[in-house]
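Protein chains: 2
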Amino acid sequence: MLKYQEIAREIEKKIKTENLKQGTKLPSVGELVAQYKVSKNTILRTLKELEVKGAIYQVQGSGIFVRRRNRKGYITLLEHKGFSGDLDYLEVESKVINFEIVAATEEIANNLQCEIGDKVYLVKRIQSIQGQILSVEESYYKKRLITFLNRSIIEGSIFQYLEEGLNIHVGFSDKYLSVHKTKGQISKYLGLPENSPMLLVEEIYYTNNGEPFDFSKLYYHYEHSQFFLQS
Amino acid sequence: MLKYQEIAREIEKKIKTENLKQGTKLPSVGELVAQYKVSKNTILRTLKELEVKGAIYQVQGSGIFVRRRNRKGYITLLEHKGFSGDLDYLEVESKVINFEIVAATEEIANNLQCEIGDKVYLVKRIQSIQGQILSVEESYYKKRLITFLNRSIIEGSIFQYLEEGLNIHVGFSDKYLSVHKTKGQISKYLGLPENSPMLLVEEIYYTNNGEPFDFSKLYYHYEHSQFFLQS
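First to last, the sequence lines map onto chains C and W. Sequential numbering of the first sequence, starting at 0, is according to numbering that gives the first Met the number 0. Sequential numbering of the second sequence, starting at 0, is according to numbering that gives the first Met the number 0.
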């Protein structure tokens, strides 16, 4: 981790542990330079990082202030896979209910930019928080890129395995959101009556070369999930 | 508009008018420098801008490539107010159905960080596309900051008026998303049976001083709206 990221993390931690409210004034650039014994440039990069993350805002001629969402229990929509850290204090449990190699349907092929019939890993999981079902997730991984997966990998962090094991780096992602009525198997998994409201989030993850490798469909339980987005 | 933004806009326009596909290779940094007769630094800022906007991606040692969503008719979740440009070729019509000054309820006061009973402008609008209802919007503007509004302003671009007329600049926004069943008046406005699925987007807009001035609740018709998000 680079120095400016390290300092950013420390400031973020301070905001959390001291439970600083939105609008709390933070030390000035000069004070931060003195405090962390780094160059002004490093501090400016730190502040840029914190600003992009939505942890602070800067007012010209006035200073640096804490930025915090004022609601708890919301999932951050822009974070990459894995909810940890979003739902403060709450542990998300993930249970694999299906794991197999299947042939890409037209829908999968379109989203993964591959041929119909190409091999893809299908991983189906149910996510829950404190015994409440949060979502059902259906993920399709392009086998040509993700050459190997097994149960123990998919029960841990797939993304960490991709980075460290397969040297595949996530470049960017597209997310498509739409609202539907629950149908069939999904209703059962979510424990909801047929035709209940449901948020569907379709995510496509690309490598840093721009090739899609993961197409996921997340079906969210409308009573147990809420989302947050900063801009 | 600064030079690097101007060039960014030109490149974006070129991608749209020539309908370049995702993955199309764009000219190199050197070629762009020669083409636009600007410094390398300007081009690097242009590319950063386009990258953040999700219009391109860069692959180290390989080049600059077009990034495009592969689905049409989705509303970009991160754009500020106003859908123009998102739903390509489709015009969003907005009809004001209520405009008055009301006293802030507890909910409004919490979100606008003001006192219960403080005066707020309430603007209620119905948005539609080609005769189909997209959403119902209830916006509350803090009167202490937004000192004056009238029908002709709210029928145009409120945000442009704030910037140019009141010198209020938008700093950042929070968005909260949740899924519900439609109830009462909202069902009627959306033209849906009671208990239909519905996406509620609550938006809070802050000035560049960090003060909230606009709290809006947008109720989306689940069959006529879909959303897009890049990261």
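Quick reminder that beta carbons are idealized off the backbone N, C-alpha and C, glycines included.
Where do the ends of the beta strand (DSSP E) carrying residue i lie?
{"i": "Gln159/W", "result": "Premise fails: Gln159/W lies in the alpha helix (DSSP H), 157-163, not in any beta strand (DSSP E)."}
{"i": "Ile132/C", "result": "131-141"}
{"i": "Glu202/W", "result": "196-206"}
{"i": "Ile125/C", "result": "118-128"}
{"i": "Leu144/C", "result": "Premise fails: Leu144/C is in no beta strand (DSSP E) and is neither H nor E."}
{"i": "His220/C", "result": "211-220"}
{"i": "Ala54/W", "result": "That residue, Ala54/W, is in no beta strand (DSSP E); it is neither H nor E in DSSP."}
{"i": "Leu176/W", "result": "169-180"}
{"i": "Ser224/W", "result": "No beta strand (DSSP E) holds Ser224/W; DSSP gives it neither H nor E."}
{"i": "Asn97/C", "result": "91-102"}
{"i": "Gly62/W", "result": "62-65"}
Leaving out the 5 sequence neighbours to the left and right, which residues in its chain are closer than 7 angstroms to residue i when beta-carbon positions are compared?
{"i": "Ile125/C", "result": "Lys94, Ile96, Ile132, Val135, Tyr188"}
{"i": "Lys2/C", "result": "Val37, Thr41"}
{"i": "Tyr56/W", "result": "Glu50, Phe64, Arg66"}
{"i": "Gly68/C", "result": "The residue you asked about is not Gly; residue 68/C is Arg in the sequence shown. Only Phe227 meet the Cβ criterion."}
{"i": "Gln21/C", "result": "Val65, Arg66, Arg67, Asn69"}
{"i": "Leu86/C", "result": "Because Leu86/C sits at a pLDDT of 46, beneath the cut-off of 50, its placement in the model cannot be relied upon, and the point is left open."}
{"i": "Gly116/C", "result": "Ala102, Ala103"}
{"i": "Ile153/W", "result": "Val95, Phe98, Val122"}
Below 8 angstroms CB to CB, which residues in the same chain sit around residue i once its five sequence neighbours on both sides are set aside?
{"i": "Val169/W", "result": "His79, Phe158, Leu161, Glu162, Tyr204, Tyr205, Thr206, Asn207"}
{"i": "Glu114/W", "result": "Ala103, Ala108"}
{"i": "Pro211/W", "result": "Asn110, Leu111, Gln112, Lys141, Ile203, Tyr204, Tyr205"}
{"i": "Ser172/C", "result": "His79, Glu202, Ile203, Tyr204, Tyr205"}
{"i": "Lys15/C", "result": "none"}
{"i": "Gly190/C", "result": "Ile132, His220"}
Can you pull the chain W residues whose beta carbon is under 7 angstroms from the beta carbon of residue i, in chain order?
{"i": "Asn207/C", "result": "Val58"}
Note down the Cα distance separating residue i from residue j, rounded to an integer number of angstroms.
{"i": "Glu48/C", "j": "Pro192/W", "result": "46 angstroms"}
{"i": "Ser27/C", "j": "Asn18/C", "result": "19 angstroms"}
{"i": "Asn110/C", "j": "Thr146/W", "result": "48 angstroms"}
{"i": "Lys218/W", "j": "Lys142/W", "result": "Reading the sequence as shown, one finds Tyr at residue 218/W and not Lys. Rounded to whole angstroms, Tyr218/W to Lys142/W spans 23 angstroms at the Cα level."}
{"i": "Pro196/C", "j": "His179/W", "result": "7 angstroms"}
{"i": "Tyr88/W", "j": "Gln229/W", "result": "No answer about Tyr88/W holds up, because its pLDDT of 46 lies below 50 and its placement is not dependable."}
{"i": "Glu99/W", "j": "Tyr140/W", "result": "11 angstroms"}
{"i": "Leu144/C", "j": "Gly62/W", "result": "21 angstroms"}
{"i": "Tyr73/C", "j": "Leu25/W", "result": "39 angstroms"}
{"i": "Ala54/W", "j": "Glu30/W", "result": "18 angstroms"}
{"i": "Asn194/W", "j": "His220/C", "result": "15 angstroms"}
{"i": "Gly155/C", "j": "Gln4/W", "result": "43 angstroms"}
{"i": "Ser83/W", "j": "Lys123/W", "result": "Reliability of the predicted coordinates at Ser83/W is poor, the pLDDT of 41 falling under 50, and no value is obtained from them."}
{"i": "Gln59/W", "j": "Gly183/C", "result": "45 angstroms"}
{"i": "Ser138/W", "j": "Phe214/W", "result": "6 angstroms"}
{"i": "Lys13/W", "j": "Thr23/W", "result": "12 angstroms"}
{"i": "Leu199/C", "j": "Lys118/C", "result": "24 angstroms"}
{"i": "Gly81/C", "j": "Leu165/W", "result": "With a pLDDT of only 42 at Gly81/C, under 50, the local geometry of the prediction cannot be trusted, and the value read off the model is given with reservation. Their backbone Cα atoms lie some 42 angstroms apart in a straight line."}
{"i": "Gly209/C", "j": "Ser151/C", "result": "28 angstroms"}
{"i": "Ser177/W", "j": "Ser224/W", "result": "14 angstroms"}
{"i": "Ile167/C", "j": "Glu9/C", "result": "29 angstroms"}
{"i": "Tyr120/W", "j": "Leu121/C", "result": "51 angstroms"}
{"i": "Lys52/C", "j": "Glu11/C", "result": "10 angstroms"}
{"i": "Glu105/C", "j": "Glu222/W", "result": "23 angstroms"}
{"i": "Ser186/W", "j": "Gly130/W", "result": "17 angstroms"}
Kindly list, in the order they appear in chain C, the residues whose Cβ is closer than 9 angstroms to that of residue i.
{"i": "Met231/W", "result": "In the structure as shown, chain W starts at 0 and stops at 230, and residue 231/W therefore has no counterpart that could be examined."}
{"i": "Gly22/W", "result": "Gln112, Gly209, Glu210"}
Where do the N-terminal and C-terminal ends of the alpha helix (DSSP H) with residue i fall, by residue?
{"i": "Ile10/W", "result": "2-16"}
{"i": "Ile107/W", "result": "105-111"}
{"i": "Ala33/W", "result": "28-35"}
{"i": "Gln184/W", "result": "183-189"}
{"i": "Glu154/C", "result": "150-154"}
{"i": "Lys39/C", "result": "39-51"}
Identify the contact partners of residue i in chain C, using a Cβ-Cβ distance below 8 angstroms as the criterion.
{"i": "Arg70/W", "result": "Tyr175"}
{"i": "Gln225/W", "result": "Tyr175, Leu176, Ser177"}
Under 6 angstroms Cβ to Cβ from residue i, same chain only, skipping five residues before and after it: list those, please.
{"i": "Glu201/W", "result": "Tyr175, Lys216"}
{"i": "Tyr35/C", "result": "Ile6"}
{"i": "Val32/C", "result": "Lys39, Ile42"}
{"i": "Thr45/W", "result": "Tyr3, Ile6, Ala7"}
{"i": "Met0/W", "result": "none"}
{"i": "Glu76/C", "result": "Sequence check: residue 76/C is Leu here, not Glu. Taken in chain order, the residues that qualify are Phe226, Leu228."}
Given the structure, does residue i come close to the ligand SAH, in the sense that its CB is under 8 angstroms from one of the ligand's heavy atoms?
{"i": "Ser156/C", "result": "The ligand SAH is not part of this structure, which contains no ligands at all."}
Can you name the residues of chain W whose CB is closer than 9 angstroms to the CB of residue i?
{"i": "Gly170/C", "result": "Tyr56, Val58"}
{"i": "Tyr73/C", "result": "Tyr175, Leu176, Ser177"}
{"i": "Tyr221/C", "result": "Ser177, Val178, His179, Lys180, Pro196"}
{"i": "Gly29/C", "result": "Going along chain W, no residue has its Cβ under 9 angstroms from Gly29/C, so there is no contact; the nearest lies around 21 angstroms."}
{"i": "Leu25/C", "result": "Those within 9 angstroms of Leu25/C in chain W number zero; the least Cβ separation is about 12 angstroms."}
Give me the chain W residues within the contact set of residue i, using Cβ-Cβ distance strictly less than 8 angstroms, ordered along the chain.
{"i": "Gln229/C", "result": "Phe171, Ser172, Asp173, Lys174"}
{"i": "Leu76/C", "result": "Leu76, Leu176, Leu228"}
Please list the partners that residue i has in chain C, where partner means a Cβ-to-Cβ separation under 7 angstroms.
{"i": "Phe64/W", "result": "Gly209"}
Output yes if chain D places a C-beta closer than 9 angstroms to the C-beta of residue i; else output no.
{"i": "Ser61/W", "result": "Considering every chain present, this structure includes no chain D. Its protein chains are C and W."}
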